[in-house]
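Residue numbers for the sequence shown follow this note's numbering, so the first one is 93 and each next one is one higher.
Following: one structure in structure tokens, then a few remarks.
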Amino acid sequence: MAIAEVTIIPVGTGSTSLSGYVADLQRVLAKQPGITYELTSMSTILEGELSDIFAAITVLHETPFANGAQRVSTSVKIDDRRDKVSSSKQKLDSVKEKLK
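Here you go:
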């Protein structure tokens with residue numbers, strides 16, 4: 093399973109507020125098969141098979157255009173570990189264990 097951090101920024105919307113766009117993206121994510129996700133204050137974390145993540149990112153990138161944005165900047169960071177099963181929770185638990 094892969095983990096991806098995605099930040100999507102619509103440009104030229106006429107407002108500095110992006111929360112409406114973020115809410116739209118979260119609604120779209122809820123419909124994406126094979127993906128679990130977590131909204132953070134700066135990005136969204138996706139977990140799933142890499143092909144499902146890429147499919148979800150494509151839909152997410154297109155969403156602001158469908159809602160009137162004329163330009164969209166999407167940043168993606170992927171952690172694809174193949175030697176063992178990994179998740180956001182597992183990664184955090186590993187660090188917490190080392191802090192003891």
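Beta carbons are placed, not taken as given, at the ideal position from N, Cα and C, and that holds for glycine.
Exercise. If we call anything under 9 Å between Cβ atoms a contact, is Tyr113 one with Ala147?
Worked result: no
For this session: Reducing DSSP to helix, strand and coil, say where Ser143 ends up.
Result: helix
Exercise. When the distance is taken between beta carbons, is Ile100 closer than 9 Å to Val177?
Worked result: no
For this session: For the stretch 168 to 187 and the stretch 104 to 113, state whether three or more C-beta atom pairs, one from each stretch, are separated by less than 8 Å.
Result: Too few Cβ pairs lie closer than 8 Å, so no.
For this session: Note down the Cα distance separating Pro102 from Ile95, rounded to an integer number of angstroms.
Result: 23 Å
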